[in-house]
Amino acid sequence: MAVEFNDANFEKEVLESDKPVLVDFWAPWCGPCQMMGPVIDEVATEIGEIAKVGKLNVDENQESAQKYGVMSIPTMIIFKDGKNVKQIIGAQSKDTLLGELKNL
Amino acid sequence: MEGEIKDLIILGAGPAGLGASIYASRYKIDHIIIGKEPGGYLNEIHKIENYLGFESLTGFELASKMRSHVENLGAKLQQETALRIEKIDGGFEVTTDKGSYKAKKILYTVGTSARRLDVPGEKEFFGKGISYCSTCDGPFFKNKKVAIVGGGDSAAMAALMLAEYAESVTLIHRGDELSCMPVYLDSLRDNSKIKIEYNKGVSRIEGENAVERVILSNKEGGEEVVEINGIFIEIGSVPNQKMLLELGVEVDDKGFLKTKPDQSTSIEGIYAAGDITTNSNGFRQVITAAAEGAVAAVEIFRKLKEK
Chain A
380 MAVEFNDANF EKEVLESDKP VLVDFWAPWC GPCQMMGPVI DEVATEIGEI AKVGKLNVDE
440 NQESAQKYGV MSIPTMIIFK DGKNVKQIIG AQSKDTLLGE LKNL
Chain B
213 MEGEIKDLII LGAGPAGLGA SIYASRYKID HIIIGKEPGG YLNEIHKIEN YLGFESLTGF
273 ELASKMRSHV ENLGAKLQQE TALRIEKIDG GFEVTTDKGS YKAKKILYTV GTSARRLDVP
333 GEKEFFGKGI SYCSTCDGPF FKNKKVAIVG GGDSAAMAAL MLAEYAESVT LIHRGDELSC
393 MPVYLDSLRD NSKIKIEYNK GVSRIEGENA VERVILSNKE GGEEVVEING IFIEIGSVPN
453 QKMLLELGVE VDDKGFLKTK PDQSTSIEGI YAAGDITTNS NGFRQVITAA AEGAVAAVEI
513 FRKLKEK
């Protein structure tokens with residue numbers, strides 16, 4: 380299962396992580412985001428120890444969403460060594476996301 | 213399983229593909245559905261209030277109900293992206309981003325994509341104030357100024373939805389009359405937050421790090437600047453027919469697949485249903501997509517039985 384990120388744990392869990400981190404910026408009002416939910420969980424399971432995968436509810440955690448300029452969801456951002464290295468907007472397949480994480 | 217020839221591959225998992233699968237399952241047609249996003253464009257619709265039997269629900273809710281209905285009947289949904297279709301002995305082979313599948317018949321229901329404006333600024337500010345999904349991104353513009361481009365049902369729905377959050381909504385339409393369903397017209401006119409700009413086109417979208425203004429062109433050749441924080445593009449859709457064009461399928465002047473009343477295309481063995489076809493008198497709705505899917509499935513059953 381994907382982990383839950385929020386404004387309070389973002390720095391520690393995402394920016395200070397020793398592994399790459401995929402953050403799914405989502406909100407309950409967004410249909411394509413809800414469709415992506417189970418896909419993100421599968422990515423989290425299949426990627427294993429290579430990377431950390433989690434979700435951030437932008438409705439409850441506006442600070443993080445604003446900091447990274449998220450104005451369209453679903454947006455997936457991959458962080459490596461605390462830096463935004465890849466930003467993908469719109470629903471994606473599990474394989475696309477796995478591929479992005481494996482190719483880092 | 214790869215290598216095995218199925219009766220039918222349904223490409224696309226929106227209302228047309230899922231509607232077809234219900235009938236295919238009941239007619240015991242051995243089939244799979246290949247679709248990147250179950251529900252397709254339906255997931256992006258704010259409210260569905262014209263689908264028989266459901267007075268009001270979100271597009272995602274209706275898509276979820278359709279998906280579970282289909283899966284409860286035993287159909288398999290492969291969440292993959294189809295890349296090409298090739299003619300093989302006895303049918304077709306579909307290659308996806310994950311593998312390949314063979315079937316005697318193909319039902320093509322991959323729908324349409326949002327039409328782009330093709331103006332300066334559109335690509336640069338996508339995700340930075342430019343959006344093609346008002347239900348997804350509308351709430352980011354609480355108490356902000358937004359514009360919507362378009363004059364059809366999607367534009368009208370987006371304007372009404374955005375007026376719930378935004379400080380002001382400017383609806384930009386190039387014609388002198390909106391083409392949306394009359395049911396929306398009164399609500400648009402009665403909403404004090406919504407201003408309609410008729411006979412205006414979009415010249416470009418500008419800003420620093422995010423959208424800050426849209427430049428409109430009027431019929432007299434002049435330009436007007438509207439300060440906004442976000443712009444939603446709802447100017448219709450373009451058919452995703454590339455895979456079939458490579459096989460030489462016939463399309464109309466707008467690129468929609470020419471289909472007969474039995475949903476067959478100009479290529480024997482390939483059928484089409486939903487927003488991508490010329491059927492249902494061009495009335496592209498969830499209910500007509502599902503109905504075209506049903507018609508196609510039954511015709512495919514008849515053809516499979518003949519041989």
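Taken in sequence, the protein lines are chains A and B. Following our numbering, the numbering of the first sequence begins with 380 at its first residue and continues without gaps. Following our numbering, the numbering of the second sequence begins with 213 at its first residue and continues without gaps. Cβ coordinates follow ideal geometry from the N, Cα and C atoms, glycine included.
- Not one beta carbon of chain B lies nearer than 8 angstroms to the beta carbon of K459/A.
- Membership of H243/B in the beta strand (DSSP E) is indicated by the continuous run 243-246.
- Here A381/A really is in contact with G433/A; their C-beta atoms are around 5 angstroms apart, less than 8 angstroms.
- Nearest CB-CB separation between M455/A and chain B: not below the 8 angstroms threshold.
- S268/B is a Cβ neighbour of K259/B, given a cutoff of 8 angstroms.
- The alpha carbon of D301/B has as its nearest neighbour, out of K288/B, L295/B, A315/B, the alpha carbon of A315/B.
- The C-beta of I452/A comes closer than 8 angstroms to at least one C-beta of chain B.
- For secondary structure counted as the beta strand (DSSP E) over 3 or more consecutive residues, the region 309-380 of chain B holds these complete runs in sequence order: 312-320, 324-326, 357-361.
- With 16 or more other Cβ atoms inside 10 Å of its own Cβ, R496/B counts as buried.
- As a beta-bridge residue in DSSP terms, L220/B pairs with H243/B, K317/B.
- Taking 8 angstroms as the CB threshold, P227/B stays off the interface with chain A.
- No Cβ-Cβ contact shorter than 8 angstroms links K340/B with N262/B.
- E420/B carries a coil assignment under DSSP once its states are collapsed to helix, strand and coil.
- Taking the Cβ atoms as the reference, L254/B lies roughly 5 angstroms from A275/B, within the contact range of under 8 angstroms.
- For the region 393-418 of chain A, the residues whose beta carbon sits under 8 angstroms from a beta carbon of chain B are, in order, A406, W408, C409, G410, P411, C412, Q413, M414, V418.
- The beta carbon of F444/B sits closer than 6 angstroms to those of S343, S346, I360, A370, all from its chain and outside the five residues before and after it, given in chain order.
- As the crow flies, the alpha-carbon of I384/B is around 48 angstroms from that of I429/A.
- Taking 9 angstroms as the upper bound on Cβ-Cβ separation, chain A lies near residues T270, G271, F272, E273, A275, S276 of the region 267-284 of chain B.
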